[in-house]
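Heads up: the sequence shown begins at 35 in this note's numbering, then just goes up one per residue.
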Amino acid sequence: QEGSASQGFPRNKMAPKKSTKAPAKGAAKKADPAAATKKAVRAKKNVLRGKQEKRNRKIRTSVHFRRPKTLALPRAPRYPNRSSKRTNRLDAFNIVKFPLTTESAMKKIEDNNTLVFIVDKRSNKHTIRASVKELYDIDVQKVNTLIRP
35 QEGSASQGFP
45 RNKMAPKKST
55 KAPAKGAAKK
65 ADPAAATKKA
75 VRAKKNVLRG
85 KQEKRNRKIR
95 TSVHFRRPKT
105 LALPRAPRYP
115 NRSSKRTNRL
125 DAFNIVKFPL
135 TTESAMKKIE
145 DNNTLVFIVD
155 KRSNKHTIRA
165 SVKELYDIDV
175 QKVNTLIRP
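Quick look at the structure:
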């Protein structure tokens, strides 16, 4: 243990500094041509070799790899996906197929003032009401549905 306080050396005394004298104004350093070429050759080698730096790796906290989220730009299509708009396949003419003309249906027309239609299975009460109004100009009071075999 050299230089410890127990051997009698003062603790707060610092090591002597190197004396740096500024060069005199009149005397400028002459460049050594051999040293300059050596320095240039060293610089050239460093440039050719490239920058070799130590890369710090990210500390992984999970054993599962999660792909990083990257920039997702919005689509900018050059042409439309479809050349023409899709037509509605379930229009008024396809919803209401035909009126039912059985005996029980005719009895309903006479007694209850009710019309019976066979309609598309995919239609609902709102579309049935709208298509009957469009085709027959009738104000529909109520729609009853029944899925028959």
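Beta carbons are placed, not taken as given, at the ideal position from N, Cα and C, and that holds for glycine.
Residues that DSSP places opposite residue i in a beta bridge
i      : result
Ile152 : Phe132
When the options are compared against residue i, the one with the closest alpha-carbon
i      : options                       : result
Ile162 : Ile172, Asp173, Val177, Pro67 : Val177
Ile152 : Ala70, Arg182, Pro102         : Arg182
Leu124 : Gln175, Thr104, Lys88, Ser165 : Ser165
Tyr170 : Leu82, Lys103, Leu149         : Leu149
Ile172 : Leu180, Asn147, Lys103        : Asn147
Where the alpha helix (DSSP H) through residue i begins and ends
i      : result
Leu169 : 159-170
8 Å Cβ cutoff, residue i in contact with chain B
i      : result
Glu168 : Of the protein chains in the structure, only one exists, and it is not chain B.
With three or more beta-carbon pairs closer than 8 Å as the criterion, would you say the segment 146-165 touches the segment 126-136? yes
Pick out the complete alpha helix (DSSP H) segments inside the segment 66-143, 4 residues or longer, and give them in chain order. 67-83, 126-129
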